[in-house]
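Take any residue in the sequence shown, count from 1 to its spot, add 144: that is its number in our numbering.
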Amino acid sequence: MIERVFHILSPEKVGTKEGTKKKCEVCEHLYDERLLERHHFMPKAMAGKWVGGTILLGPTCHRVLTRALENERKKKNRDLLDDEVKRVFNRTRGDVQAGKYGAYGRK
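Encoded structure:
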């Protein structure tokens, strides 16, 4: 098994009166950290207890990224290589921030 380690971005914490908020690593919106979801670049079943290779995403961005990665895996009919995963992540982040999925990701 090849261990894939991704440190694409590190979550940015922002203290507010309501509590700690962090940025979604795709759309960069601030969320209460309890609402963020952890995306595993290596399937949890393969990783065991290892928690590296994860990023924090808002629920909508998590679904968009997961679907983009699944579609790419189906097209290639195999697991994606590290650089392919990074390319899909960067393309998805750019699409979300450009408003491809509605005004949700626009700043």
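Cβ coordinates follow ideal geometry from the N, Cα and C atoms, glycine included.
Worksheet item: Is it buried or exposed for Glu-147, if we count other Cβ within 10 angstroms and need 16 for buried?
Response: Taking the sequence shown and counting its residues from 1, the one referred to as residue 147 is at position 3. The predicted model places Glu-147 with a pLDDT of 35, which falls under 50 and marks its position as unreliable; any figure quoted below should be read in that light. The residue in question, Glu-147, is exposed, as its Cβ has fewer than 16 Cβ neighbours within 10 Å.
Item to complete: Tell me, please, which residues DSSP counts as bridged to Thr-198.
Response: Residue mapping note: residue 198 aligns to position 54 of the sequence shown, counting from 1. For Thr-198, which the question treats as bridged, DSSP gives the partners His-184.
Discussion item. If I follow the unbroken alpha helix (DSSP H) through Leu-213, where does it start and stop?
Written reply: Counting from 1 along the sequence shown, the entry for residue 213 is found at position 69. 203-220 is the extent of the alpha helix (DSSP H) around Leu-213.
Worksheet item: Taking Val-229 as the reference, which of Lys-166, Arg-178, His-184 has the closest Cα?
Response: One-based indexing of the sequence shown puts residue 229 at position 85. Minimum Cα distance to Val-229 is reached at His-184.
Worksheet item: Apart from the five residues just before and just after Leu-213, which ones in its own chain have a Cβ nearer than 6 Å to its Cβ?
Response: Locating residue 213 in the sequence shown gives position 69, where the first residue counts as 1. Answer for Leu-213: Val-232, listed in chain order.
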